[in-house]
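For reference, the structure discussed in these notes is given below.
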Amino acid sequence: MRRSHFVIVTGLSGAGKSQAIKCLEDIGFFCVDNLPTMLIPKFAELCTQSRGRLKRVALGIDIREGGFLNRLFDELSFLRKNHFSYEILFLEARTEVLLNRYSETRRKHPLNGHKSLLAAIEGERSKMARLRRLADYIIDTSDANIHQLKERLVRVFSVAGASRPLSVNVLSFGYRHGVPAEADIVFDVRFLPNPNYVPRLKASSGNEKKVADYVLRSPVSRRFLDKLDDMMEFLLPQFAKEGKSYLTVAFGCTGGRHRSVVLANRLGEYLKEKGVDMNVSHRDIRKK
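Residue numbers (numbering that gives the first Met the number 0): 0 to 287.
And the structure:
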């Protein structure tokens, strides 16, 4: 009898767990939000009696439950020992974003108690650090709307539980806005020629041909691209061989509008030519 494949949806309060659960439901998962962790073993056994109807199951788990982490680790151990496959999806966001979200909704943080909201958020981040390290997928929702979150989840989980080819998310960002937490590989491209110091290019973005031409015509840029292509040609099969299904490659420049955008687009074109499932996004291209 084929057992259900579980996705454990967890992360920081206010990072979008409930929205993620709704998105997963839209793409065919049977979803249960806020399932007490002690019920996971019983629920898993019930799923085996569904005669294959519950092939993909998403469980929303959060920190409001007392003893949450210790119980969750125990129940994950149960799933492993009883040959249930599972993956962990961890949602997070930058502290200032979480502060704004709670301010806008006027909801109380589950760990607020007598603490300040900032202390509650940072306390939860610290408590969840171990679980975050175990996560198969980490999604930072700081700059994502519900449609972008759903698109990301579709790419990751559209065939969850089955063997799937490596999907590569290519991301550009600006160091002044922070390094994306979800990045597996980060390239600092601030050593490349900077269009920001060229008056006719400063107001343009790396999506424009004149900016791309300026950045890529440098001998240093061409040499870097040769080495980047060689590295991707070597690394991607290695990651796929290890069973990794999702990889985020990030390029960072100072502001995230010029050099990183050009390099992300260039890698995207290379991967597309190679037939790799890929997506390119520019996190900070509209920021000043």
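Where a beta carbon is used, it is the ideal one built from N, C-alpha and C, also for glycine.
Residue i and residue j: beta carbons closer than 7 Å?
i, j, result
"residue 233", "residue 186", "no"
"residue 59", "residue 32", "yes"
"residue 8", "residue 16", "yes"
"residue 104", "residue 71", "no"
"residue 92", "residue 141", "yes"
"residue 38", "residue 167", "no"
"residue 53", "residue 28", "no"
"residue 108", "residue 118", "no"
"residue 101", "residue 116", "yes"
"residue 14", "residue 130", "no"
"residue 236", "residue 213", "no"
Which residues mark the beginning and the end of the beta strand (DSSP E) in which residue i is found?
i, result
"residue 187", "184-187"
"residue 196", "From DSSP, residue 196 is part of no beta strand (DSSP E); its letter is neither H nor E."
"residue 103", "That residue, residue 103, is in no beta strand (DSSP E); its alpha helix (DSSP H) goes 94-104."
"residue 85", "84-91"
"residue 245", "245-252"
"residue 3", "Neither: residue 3 is in no beta strand (DSSP E) and is coded neither H nor E."
"residue 173", "166-173"
"residue 58", "55-59"
"residue 120", "No beta strand (DSSP E) contains residue 120, which is instead part of the alpha helix (DSSP H) from 116-126."
"residue 296", "Since the first and last residues shown for the chain are 0 and 287, residue 296 lies out of range."
"residue 31", "29-32"
Could you give the residue range of the alpha helix (DSSP H) that holds residue i?
i, result
"residue 238", "218-240"
"residue 73", "67-80"
"residue 153", "145-156"
"residue 42", "39-47"
"residue 264", "258-272"
"residue 280", "Unbroken run through residue 280 is the beta strand (DSSP E), 276-281; no alpha helix (DSSP H)."
"residue 20", "16-25"
"residue 211", "208-215"
In its own chain, which residues sit with a C-beta less than 7 Å from the C-beta of residue i, not counting the 5 before and 5 after it?
i, result
"residue 238", "165 and 246"
"residue 209", "200 and 203"
"residue 217", "191 and 192"
"residue 181", "137, 138, 139 and 247"
"residue 228", "269"
"residue 292", "With the chain covering 0 to 287 only, the question about residue 292 has no answer from this structure."
Leaving out five residues before and five after residue i in sequence, what residues of the same chain have Cβ atoms less than 8 Å from its Cβ?
i, result
"residue 284", "171, 204, 205, 206, 255, 256 and 260"
"residue 286", "173, 176, 254, 255 and 256"
"residue 67", "36, 60 and 61"
"residue 220", "191, 192 and 214"
Measure the beta-carbon distance from residue i to residue j and round it to whole angstroms, keeping in mind my assumption that it falls under 8 Å.
i, j, result
"residue 75", "residue 156", "With 8 Å as the limit, residue 75 and residue 156 do not qualify as a contact, their Cβ atoms being about 18 Å apart."
"residue 289", "residue 145", "A question about residue 289 goes unanswered here, because the residues of the chain that appear run from 0 up to 287."
"residue 69", "residue 154", "Actually they are not in contact, since the Cβ atoms of residue 69 and residue 154 sit about 33 Å apart, beyond 8 Å."
"residue 18", "residue 148", "6 Å"
"residue 26", "residue 224", "No, residue 26 and residue 224 are not in contact; Cβ-Cβ is about 36 Å, not under 8 Å."
Please go through the same chain and pick out, in chain order, the residues whose beta-carbon is closer than 6 Å to the beta-carbon of residue i, but skip the five residues on each side of it.
i, result
"residue 273", "none"
"residue 266", "169"
"residue 281", "171 and 260"
"residue 263", "169, 171, 250 and 279"
"residue 184", "248"
Cβ pair count under 8 Å reaching 3, the stretch 177-191 against the stretch 250-262: yes
The stretch 133-153 touching the stretch 83-90, judged by at least three CB pairs closer than 8 Å: Judged by pairs of C-beta atoms under 8 Å, the stretch 133-153 touches the stretch 83-90, as three or more such pairs exist.
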